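Here the structure comes first, spelled out in structure tokens, and everything after it is commentary.
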Amino acid sequence: MSCRLFLVRSKLQKLLVEFVPPKLILQKLVELFLKGIQTSIKREVYYWHAYYDKRMPGGASALLKLEEFVAKFMGIHRKSLSASS
1181 MSCRLFLVRS
1191 KLQKLLVEFV
1201 PPKLILQKLV
1211 ELFLKGIQTS
1221 IKREVYYWHA
1231 YYDKRMPGGA
1241 SALLKLEEFV
1251 AKFMGIHRKS
1261 LSASS
């Protein structure tokens, strides 16, 4: 998981360097995540989207919050996959 998170972090960093707004990045991540998950965990993803959207800082510190959101999603997704097995 940490290797994938490291790859995601570098991609997020590139987007932020190109001045893509952090809230737009978060919104697009949520849209992509919702396409590939079970209906049972969508509510939890919406909850965390609202949580991080409200607390999203501007500038370079947004990278940490975006990375935190991705890690949170990875945990939720992994938990749902292990529960369904």
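Residue numbers for the sequence shown follow this note's numbering, so the first one is 1181 and each next one is one higher. From the three backbone atoms N, C-alpha and C, an ideal C-beta is built for every residue, glycine too. On a predicted model such as this, the values are computed, not experimentally measured, just so you know.
Can you tell me where the alpha helix (DSSP H) holding residue i begins and where it ends?
i               : result
methionine 1254 : 1242-1264
arginine 1184   : 1182-1197
valine 1225     : 1222-1234
Per DSSP, what kind of secondary structure is residue i in: helix, strand or coil?
i               : result
isoleucine 1205 : helix
valine 1210     : helix
valine 1239     : In the sequence on display, residue 1239 carries glycine and not valine. Glycine 1239 falls in the helix class under three-state DSSP.
Is the beta carbon of residue i sitting closer than 8 angstroms to the one on residue j?
i               : j               : result
leucine 1204    : glutamate 1247  : no
methionine 1236 : leucine 1206    : yes
lysine 1222     : leucine 1214    : yes
leucine 1243    : leucine 1187    : no
valine 1225     : isoleucine 1256 : yes
serine 1260     : glutamine 1218  : yes
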